[in-house]
Structure formats: structure tokens, C-alpha cells
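FYI, the numbering for the sequence shown is 557 to 831, going by the numbering used here.
Yeah, the Cβ is synthetic: ideal placement off N, Cα and C, and Gly gets one too.
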Amino acid sequence: MKKLLICLLFSISSYANIVSIYNTKNNSFLSYTQFINDLNESGYIVLGEFHNFENIQKAQAKIIKDKTRLAASEDSVQIMWEFLNHTEQESINSEFSRYMNGAITTAEFITNTAGKQNLSYSPIMEVAKDFARAPIALNLPRSLKKKVMDEGINSIDPSLVPAHHYVGGDQYRERFKRAMGGHMPDESFEKYFLAQCLTDSVMSDIANKNEMNLNFIVAGSFHTDFFDGTVSRLKEINPSTVTTLKITTNELFDTEYINGSQDFGAYADYIIITE
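Structure follows, in C-alpha cells:
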């Protein structure tokens, strides 16, 4: 049944490695051209992803490039990435200058800033180079998040904790519990959930502080699904338009992405299926 649906989707809309696009607000499929036209020309476009899938990152890069050019926003576009630590932004900027000058390759820039395990993001960084603007780092280092888990949120510099930080609500907690398998001791679960929510607060805070005309947030879809996590926090502190995408693959696709969750509703404004 799943393979049959994918074949039907493919026949509806195919553009490069993007197989199909579904608008959850009006429950309809649309062409890639219509999708790019419909996306907001200012504010935020959140590219909720499954990490480290080359076809997903290629699709993200294409969406970023095509929408930016259509909006004539090349001089005021920002790519923001979950896999970079905002405490290292100066170093990232320095490496990006070397990248722009041809001193290092795309692979070397990613390896030096995000680790060689993230080379699938090369197409996105090449778009950043095309627009001559260093990617904005959204996250906290794992070492700081581990410190928060082990010693509490007051153990780190207060300047690293956004003023609007809070621990997520019941639905987010339930989703996180399911994602963790539901068998973790309560004390351990609360530590992980605190770190998860702090990440959402930090990413929304950094995205807000670095806003330009058109902004693309590249982040794991758990942080962005159901308009929760990073997305809900960003909407609370910034009045700009925020549009969310959930980008998946043929192999990872679940019909629930189209139909929505019985418990949590629509996953995103648009569902993007790649091959």
C-alpha cells in the first residue's frame, strides 16, 4: 500500500529529487513551481528534516536557492543550522571567509565546523557560499547540554539561557517520551527533556536575534513537527511569518505525514517527499 501511494504521489508532482509536495492546510498536492511561489518571501521557512540523508539535503538546498532568487532576497538571506554551535560563531565566520576565498573546500569547511559526518550538507553550504553569507549557528555545544543534565540549568552561564526558556508542555513531553521508548526512569527522562527544551529555546532565540529578510532554519524535524518545540518558541518571540516543512524520503515516508497524527494534528504546513 505504501509503495502504491508513493507511485501515485510521483505521478502528481516530480521536480529534480523532490517527488511530491503536499499542502496540509488545504489538503492538496501541488507542483514544485507553485510551492516555491506560495512560500513566504520574508520571515522564516523552517526545513524540518531527517538528518544526514543526501537526497533530503539536496532538496533543502534547492528550495533555499530557488525561493531566495524568486524573492530577490540574495542580499538579505540567512541560513541557520542546528548542527553548528552558536558559541563558536566567530570561528565559523573565520572558516567561512577561508571557504569564500578558496583556501578550503566545501568538505573542509563542513569538517572543520560541524564534523566530517555531516558532509551530506555540502549542497546547503554551497548555497551559503553562493549568497556570500556564513551560516548562523543555532545550537549549544553538547558539553554544555550534558552539564545542564548532570548539574541543572543553573550550572551554566545565565547568558546562555534565553529569557523565554521554559520546559515544554504535555504534548511535547508525550512525544518525547514516545521517542525515547517510554522505558526510561523518570529522573533520567526529565534531564533529557530539559536539554531538549533548552535546545529549542536557544535555537529560537538565536534565529530571532539573527533575522534578516528571508531566513531558512535547517533542523531536525522533532524540533519542528506539529509547530511545536523550536517553532512554537520562535512564534512567541517574533511576529514574522513562520512556515514549516517536513522533508522525508520514499523510504522513510509514512502516510501519517499526509493525514496528520490523531494525537498531535498536522506535522507541518508542507510535506516534502524526496527520492
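Are the CB atoms of serine 676 and phenylalanine 772 within a distance shorter than 8 Å?
No, Cβ-Cβ distance for phenylalanine 772 and serine 676 is not below 8 Å.
From isoleucine 660 to asparagine 668, what distance separates their C-alpha atoms?
10 Å
Could you check which residue in Phe665, Pro697 and Phe782 has the C-alpha nearest to that of tyrosine 754?
Correcting the residue type first, residue 754 is leucine in the shown sequence and not tyrosine. The shortest Cα separation from leucine 754 among Phe665, Pro697 and Phe782 belongs to Pro697.
Any contact of the stretch 628 to 647 with the stretch 672 to 688, i.e. 3+ C-beta pairs under 8 Å?
yes
What does a CB cutoff of less than 6 Å around asparagine 769 pick up in its chain, not counting 5 residues either side in sequence?
Ser598, Ser629 and Ser632
What is the residue span of the alpha helix (DSSP H) that valine 633 lies within?
DSSP places valine 633 in no alpha helix (DSSP H) but in the uninterrupted beta strand (DSSP E) bounded by 633 to 641.
Considering Cα atoms alone, identify which of Val683, Gly708, His721 and Asn573 is closest to serine 744.
Gly708
Spell out the partners DSSP gives phenylalanine 585 in its beta bridges.
Its beta-bridge partners are Tyr578.
Any idea what DSSP makes of serine 629, helix, strand or coil?
coil
Suppose you measure from the CA of lysine 559 to the CA of valine 575; what does that come to, to the nearest Å?
Residue placement at lysine 559 is poorly supported in this model, since its pLDDT is 44, which falls under 50; the coordinates are not used for a value here.
Which residues does DSSP pair with serine 817 in a beta bridge?
Note: serine 817 sits in a beta bridge opposite Gly821.
Helix or strand or just coil, what does DSSP make of asparagine 764?
helix
Tell me whether the beta-carbon of serine 715 lies closer than 8 Å to the beta-carbon of valine 704.
no
Scan the stretch 721 to 774 and note each continuous alpha helix (DSSP H) run of 4 residues or more that stays entirely inside, going in chain order.
726 to 735 and 742 to 765
Under 8 Å, do valine 723 and leucine 750 count as touching if we go by C-beta distance?
Cβ distance < 8 Å, so valine 723 and leucine 750 count as in contact.
What separation, rounded to the nearest whole angstrom, lies between the Cα atoms of lysine 685 and histidine 720?
32 Å
Determine, using beta carbons only, whether alanine 824 and lysine 802 come nearer to each other than 8 Å.
yes
With contact counted as at least three CB pairs below 8 Å, one residue from each stretch, are the stretch 776 to 787 and the stretch 602 to 619 in contact?
yes
Cα separation between glycine 821 and phenylalanine 782?
Approximately 7 Å between the Cα atoms of the pair.
Mind checking proline 741: buried by the 16 CB within 10 Å criterion, or exposed?
It counts as exposed.
Whose C-alpha, out of Ile666, Gly738 and Ala627, is nearest the C-alpha of isoleucine 648?
Ile666
Mind checking glycine 785: buried by the 16 CB within 10 Å criterion, or exposed?
buried
Within its chain, find whatever has a CB closer than 7 Å to the CB of leucine 595; leave out the 5 residues flanking it on each side and keep chain order.
Ile601, Lys623 and Thr799
Could you check the C-alpha separation between methionine 656 and lysine 618 for me, to the nearest Å?
Answer to the nearest angstrom: the Cα atoms are 20 Å apart.
Here's the rule: buried if 16 or more other CB atoms are within 10 angstroms of the residue's CB, otherwise exposed. What is glutamate 812?
exposed
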